[in-house]
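I have placed the structure first, in the form of structure tokens, so that the comments after it can refer back to it.
Following this line, the structure appears as structure tokens:
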């Protein structure tokens, strides 16, 4: 059904886009995929408003689901952490602090991945999220960012993350060098 729908649209869409849609929906439940896109769009658009009620609504709903949100949603969550509004930061921090079990482990893994994002604010947000999650599993990655990121403010954020976790960036960097 999805294939037929995309073929109908192909007369008005670029071929590359049609091929991407076909590969995206291949062997998937189309209504489920559309629902996932809609949920992700709702999450990111509400987080982007930077309005306390909208951000709280999103985070309250996410806290009811024991599954990690899509990576792009996590990126937007971390961007709220680097905005100057302390009230918004507290909402996100509460979500991260209360995460347990596999959800917490998945959040840590995803935020470690976001340390490599092309956007410097996203990398800073990932550092802040990892500081809140406070897991030794991220020390090596955060140390690497603290010593090697091309943007000074990201390096500083990574160093602050390590300090909040009770570690010194120089000691960790020297330890990694000695270990190699």
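Numbering (the numbering used here), first residue to last: 172 to 351.
Backbone N, C-alpha and C fix where the C-beta goes; we use that ideal spot for every residue, glycine too.
{"Query": "Below 8 Å, how does it come out for the segment 249–264 and the segment 285–299: are there three or more Cβ pairs, yes or no?", "Result": "yes"}
{"Query": "Give me, in chain order, the residues of the same chain whose beta-carbon lies closer than 6 Å to that of residue 336; leave out the 5 immediate sequence neighbours on both sides.", "Result": "305"}
{"Query": "Under three-state DSSP, which class holds residue 220?", "Result": "coil"}
{"Query": "Any contact between the segment 265–273 and the segment 224–239? By contact I mean 3 or more CB pairs, one from each, below 8 Å.", "Result": "yes"}
{"Query": "Return the Cβ separation of residue 310 and residue 338 in integer angstroms, given the expectation that the two are a contact with Cβ distance under 8 Å.", "Result": "7 Å"}
{"Query": "Let me confirm a value: residue 342 is counted as buried when at least 16 other C-beta atoms fall within 10 Å, else exposed. Which label applies?", "Result": "exposed"}
{"Query": "Using three-state DSSP, classify residue 286 as helix, strand or coil.", "Result": "coil"}
{"Query": "Whole angstroms are fine: how far does the CA of residue 286 sit from the CA of residue 220?", "Result": "24 Å"}
{"Query": "Check whether chain C comes within 8 Å of residue 218, counting only Cβ atoms and requiring the distance to be less than that.", "Result": "Of the protein chains in this structure there is only one, and it is not chain C."}
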